[in-house]
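Student:
Residue numbers (UniProt numbering): 1 to 210.
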């Protein structure tokens, strides 16, 4: 987030004008109940930043990666944590595609594969696919490999997944989470999606689509 006067999200006064181009971010911002006025944001990154410096907006919420690419991280007044703002499913992941029959290239690329990232992305994408949501729908998800302790006190790794579906006007946000084996990442994604459906995600999604 980039805000006037170096403010953080919690410090913005009620009625502050906050711009974002993402329906997912807009819905989650409204649902925080901070009394913020959410405004659509258009233009390139410099244009968006100028909205704050000119006083047209009190703050904007944009992707940190975009600011990093332009060397503008000094403008950031707060980096929003997943507990405040779930990212889009599989956001930040990089995939490389190659010919299936090229065994030499497959072997080379396999050295780049990160098992934890693959499990996280698999779970997040499975959730998104089961919800039948597109890139414009306010659906958030993040999966992380975490350490757990079994009954004998031994440490082992599991996959944690959190997901949400929000109404576009921020009037309601449905959240669900689950934890499971890293080797069953897809099943975890489907399980959390099913819980979201049970909590009423289908009705919210109809609101998104229509």
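We put the CB at the ideal spot given by N, CA and C, even for glycine.
Can you tell which of 123, 158 and 30 has the C-alpha that lies nearest to the C-alpha of residue 228?
Tutor: Not covered by the structure: residue 228. The range shown for the chain is 1 to 210.
Student: For the alpha helix (DSSP H) that contains residue 159, what are its first and last residues?
Tutor: Per DSSP, residue 159 belongs to no alpha helix (DSSP H); it is in the beta strand (DSSP E), 155 to 166.
Student: Identify, in the order they occur along the chain, each residue of the same chain with its Cβ nearer than 6 Å to the Cβ of residue 192, setting aside the five sequence neighbours on each side.
Tutor: 127, 161, 163, 176 and 178
Student: Going by DSSP in three states, residue 23 sits in which element: helix, strand or coil?
Tutor: helix
Student: Using the Cα positions of residue 124 and residue 136, report the straight-line distance between them to the nearest angstrom.
Tutor: 16 Å
Student: Roughly how many angstroms separate the alpha carbons of residue 211 and residue 63, rounded to a whole number?
Tutor: Outside the shown range of the chain (1 to 210) lies residue 211, about which nothing can therefore be said.
Student: Please report how far the alpha carbon of residue 42 lies from the alpha carbon of residue 182, in whole angstroms.
Tutor: 39 Å
Student: Flag this pair as touching only if the segment 93 to 112 and the segment 34 to 54 have three or more C-beta atom pairs under 8 Å; answer yes or no.
Tutor: no
Student: Could you tell me if residue 188 is buried or exposed, where buried requires 16 or more neighbouring beta carbons within 10 angstroms of its beta carbon?
Tutor: buried
Student: Would you tell me roughly how many angstroms separate the C-alpha atoms of residue 200 and residue 170, rounded to the nearest one?
Tutor: 15 Å
Student: Looking at C-alpha atoms only, which residue of 203, 10 and 71 is the closest neighbour of residue 167?
Tutor: 203
Student: What are the start and end residues of the beta strand (DSSP E) that includes residue 53?
Tutor: Looking at the DSSP string, residue 53 is not in any beta strand (DSSP E); the run it does join, the alpha helix (DSSP H), is 45 to 53.
Student: Look at the alpha carbon of residue 86 and the alpha carbon of residue 61, and state the distance between them as a whole number of angstroms.
Tutor: 13 Å
Student: What does residue 178 pair with, by DSSP beta-bridge criteria?
Tutor: 161
Student: Looking only at its own chain, which residues have a Cβ that is under 8 Å from the Cβ of residue 12, when we skip the five neighbours before and after it?
Tutor: 3, 18, 34, 36, 58 and 59
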